[in-house]
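Chains as they are written, first to last, in the numbering used here: chain A, 1 to 530; chain B, 1001 to 1172.
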């Protein structure tokens, strides 16, 4: 018996799929709607528009890889499925960014955590950014629709022991916590979501809306890097896009070009890729690339007395929002607590220290609990996020300066995580900071954390949530698009991805992108069919 | 690793480091090594010596399959974008240079002869350096060597880690 691969079967049955690496000549294509990027925003939009009979063409920089390519192997998955082989970094290299780069985008590799946009966040957008159409009541039907489409539901299986550490700690300290809903159908509870789902249980764009669009005659061009949008002579509309086809190594240009003429263009290349395409197209200025947010994540490890095998089982099933509500939304940064799956390669790279010390911790891998605090950026007046800009070769780079308000949150979150881990029975705790040492008591940890230097590349910070950079606004001068993702000056250009959020979400963003995309795509469908 | 922009941010002492990198861009390696095994895409002979010397100290593990780690580092770098590869080229060229090895890394012996204690002192100095540039050099070596080792199934047994057997047999 081997596992089915419905996407590969669809391709074999004649879906309109082109691999950029296989093209022997330049490509000239045309369509009603060109969608650039196949992640949460592009995938959702493609299905809605293709079902309405529009001629949709999706373009993806990464390759088309399907479940038969997913081997539960980090060394294979990271270079094949992630931006910059899972080592994309902010400009000063202080924050490592995990972001997908494959058909399905980050949804192909995410950890399946599904949260509706917090009401706090939506209300803030209404009050401070004039986006009152996105209030919690108005958004509810779009969340319902996304949840129904992607099987988002309560996860009824027990949390794995790594998640249980967080749950037990919260119980012991009386902190509010909950279980995470997941976008899965028939999940095997393996814990390898981050390497692509080998069983097709994860309801990513790769196995849901993209096949849905392809079944309605949409096209897909993979291994194709959009260089720029084609602007009309009057500068008031776009005519399509052009770029380079990539070699079978997924990265180097093959020497072949593509040019696509389209009636409407949807940018959905993610919160780093979308501003980069605008910048390369001469559409920068104003708010483009500004206020890009990351939910910067601080990390704390613990050695548990019992074997918890933190690499096995659904990766994220327990969370706590307690510290999202202990201060005003625009006060000291709040943080959400979760745990990650702990696999050898990512753990080895992430752990601070070297030599005997880290070797002995790695040898206790089956006993390691790792806790994450996702800092909610973009609300405090001093939390302005980062800026996407272009390197001399045209590739994007995110400059995300670390300031006092962020470091304050990092230190508070370390204290919280260490206390939680000891409360859950940890034998020893290790803050992930180059100068932190293993501590055997909460009191000793607290003293040490109080003295750790708050500097980039001493404290380990990571991110898997890139948001903003092409924000929605109620007035053209305050953002890049309106609340439906319609570009303020180019009539036939929409932006439908995580880059439209005016702040961070304050929760894992996939469901926020799905719901926003459904709302924007239905508006666009009505406009294009009219 | 080493970019012009970071140079400005790290100030004068950082400038000295980068100037050194510029001046000494033509590496003066300690000796030529013959590469065994498969061809490498990015790493040069002198880089290989550096990785072979640093990896056991970085990982704190004896008896490592060093050829496989070198291959793993090479594969990891080959998957990076050109801008980052250029920075890594500068880093390896800097470490390869005799002068820079002695005075910036503080390793007086050629890499192949350097004692573990000397290499550990270098790693610790760069890990905790007041200069972002040197900390990022350390972090690059840390990430590449750890990825090369822990991405290799040969490392898993001592970790007590294995892939889930209920599904591995069903994969193509």
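Cβ coordinates follow ideal geometry from the N, Cα and C atoms, glycine included.
Practice task
Report the three-state DSSP secondary structure of residue 14(A) (helix, strand or coil).
Solution key: Secondary structure at residue 14(A): coil, using DSSP grouped into helix, strand and coil.
Practice task
Quick one: using the 10 Å Cβ neighbour count with 16 as the cut-off for buried, is residue 975(B) buried or exposed?
Solution key: Here chain B covers residues 1001 to 1172 and nothing more, so residue 975(B) does not appear.
Exercise for the section: Sort 371(A), 130(A), 417(A) and 178(A) by Cα distance to residue 501(A) and report the nearest one. Expected result: For residue 501(A), the nearest C-alpha among the options comes from 130(A).
Problem - Segments assigned alpha helix (DSSP H), at least 4 residues, entirely inside the region 395-431 of chain A - result: Under the rule that a run must span 4 or more residues, the alpha helix (DSSP H) segments found entirely inside the region 395-431 of chain A read 404-423.
Handout entry: Within 8 Å, strictly: CB atoms of residue 45(A) and residue 36(A)
Key = Cβ atoms of residue 45(A) and residue 36(A): not closer than 8 Å.
Problem - Three-state secondary structure (DSSP) of residue 1077(B) - result: Helix, per DSSP.
Exercise for the section: Inspect the CB distances between the region 17-34 of chain A and the region 206-224 of chain A and report whether three or more fall short of 8 Å. Expected result: The region 17-34 of chain A vs the region 206-224 of chain A: in contact.
Exercise for the section: Determine, using beta carbons only, whether residue 1026(B) comes closer than 8 Å to chain A. Expected result: Its pLDDT being 48, under 50, residue 1026(B) is placed unreliably in this model, and the value from its coordinates should be taken loosely. So, not an interface residue.
Practice task
Please report how far the alpha carbon of residue 122(A) lies from the alpha carbon of residue 1066(B), in whole angstroms.
Solution key: Taking the straight line joining both Cα atoms gives about 53 Å.
Practice task
For residue 262(A), write down the residues that DSSP places opposite it in a beta bridge.
Solution key: Paired residues: 31(A).
Practice task
State the DSSP-derived secondary structure class of residue 1050(B), mapped to helix, strand or coil.
Solution key: Helix.
Exercise for the section: Just tell me which of 419(A), 461(A) and 60(A) has its CA closest to the CA of residue 168(A). Expected result: From the listed residues 419(A), 461(A) and 60(A), the smallest Cα separation to residue 168(A) is found for 419(A).
Exercise for the section: On a CA-only basis, which of 94(A), 224(A), 352(A) and 175(A) is nearest residue 254(A)? Give me that one, please. Expected result: The candidate whose alpha carbon is nearest that of residue 254(A) is 224(A).
Handout entry: 8 Å Cβ cutoff, residue 1081(B) in contact with chain A
Key = Taking 8 Å as the CB threshold, residue 1081(B) lines the interface with chain A.
Exercise for the section: Report yes or no: do three or more beta-carbon pairs, one from the region 300-307 of chain A and one from the region 424-434 of chain A, lie closer than 8 Å? Expected result: Using a C-beta cut-off of 8 Å, the region 300-307 of chain A makes contact with the region 424-434 of chain A, since at least three inter-stretch Cβ pairs fall below that distance.
Practice task
May I have the straight-line CA-CA distance separating residue 2(A) from residue 1172(B), to the nearest angstrom?
Solution key: A straight-line Cα-Cα distance of about 7 Å links residue 2(A) and residue 1172(B).
Problem - Rounded C-alpha distance that separates residue 60(A) from residue 152(A) - result: Just so you know, the alpha carbons of residue 60(A) and residue 152(A) end up roughly 25 Å apart.
Exercise for the section: Could you spell out where the alpha helix (DSSP H) holding residue 1041(B) opens and where it closes? Expected result: No alpha helix (DSSP H) holds residue 1041(B); DSSP gives it neither H nor E.
Exercise for the section: Provide the residue span of the alpha helix (DSSP H) that contains residue 514(A), from first to last. Expected result: From DSSP, the alpha helix (DSSP H) with residue 514(A) extends over 510-529.
Problem - Under 7 Å by beta carbon: chain B residues contacting residue 79(A) - result: Contact annotation for residue 79(A) against chain B: 1079 [CB-CB distance below 7 Å, chain order].
Handout entry: Closer than 9 Å at the beta carbon, the chain A residues around residue 1123(B)
Key = Result: 354 and 355.
Exercise for the section: Check each residue of the region 386-411 of chain A: if its Cβ is closer than 7 Å to any Cβ of chain B, include it; give the result in chain order. Expected result: The region 386-411 of chain A vs chain B, Cβ under 7 Å: 391, 393 and 395.
Exercise for the section: Excluding the 5 residues preceding and the 5 following residue 377(A) in the sequence, name in chain order all residues of the same chain whose CB lies nearer than 8 Å to its CB. Expected result: So the qualifying residues of the chain are 293, 294, 295, 296, 333, 383, 385, 406, 503 and 504.
Handout entry: Which of helix, strand or coil DSSP assigns to residue 1164(B)
Key = Reduced to three states, the DSSP call for residue 1164(B) is coil.
Exercise for the section: Please decide whether residue 333(A) counts as near chain B, where near means a Cβ-Cβ distance under 8 Å. Expected result: Taking CB atoms only, residue 333(A) has no neighbour in chain B less than 8 Å away.
Handout entry: Check whether residue 98(A) and residue 464(A) have beta carbons under 8 Å apart
Key = In terms of Cβ geometry, residue 98(A) and residue 464(A) form a close pair [threshold 8 Å].
Handout entry: Inter-stretch contact at 8 Å, needing at least 3 Cβ pairs: the region 1044-1052 of chain B / the region 1110-1121 of chain B
Key = The region 1110-1121 of chain B and the region 1044-1052 of chain B touch, with three or more beta-carbon pairs separated by less than 8 Å.
Handout entry: Cβ neighbour criterion (16 or more within 10 Å) applied to residue 1023(B)
Key = Bear in mind that the predicted position of residue 1023(B) carries a pLDDT of just 44, short of 50, making it unreliable; the figure below should be weighed with that in mind. Per the 10 Å Cβ criterion, exposed.
Exercise for the section: Compare the beta carbon distance of residue 1092(B) and residue 1050(B) with 8 Å and say whether it is the shorter of the two. Expected result: Pairing residue 1092(B) with residue 1050(B) gives a Cβ-Cβ distance under 8 Å.
Practice task
Using the Cα positions of residue 214(A) and residue 507(A), report the straight-line distance between them to the nearest angstrom.
Solution key: Distance between the alpha carbons of residue 214(A) and residue 507(A) is about 31 Å.
Exercise for the section: Enumerate, from N- to C-terminal direction, the unbroken alpha helix (DSSP H) stretches of 4 or more residues contained entirely within the region 52-124 of chain A. Expected result: As far as the region 52-124 of chain A is concerned, its whole alpha helix (DSSP H) runs of at least 4 residues are 74-81.
Handout entry: Beta-carbon neighbours of residue 1149(B), restricted to chain A and to distances below 7 Å
Key = Chain A residues near residue 1149(B): 348.
Problem - Three-state secondary structure assigned by DSSP to residue 1150(B) - result: Here residue 1150(B) sits in helix by DSSP.
Practice task
Answer yes or no: does any C-beta atom of chain D fall closer than 8 Å to that of residue 311(A)?
Solution key: No chain D appears in the structure shown, which is made up of the protein chains A and B.
Handout entry: Where residue 338(A) sits in the DSSP three-state scheme
Key = Per DSSP, reduced to three states, the secondary structure at residue 338(A) is strand.
Problem - Nearest to residue 394(A) (by Cα), restricted to the options 280(A), 257(A) and 462(A) - result: It is 280(A) whose Cα lies nearest to the Cα of residue 394(A).
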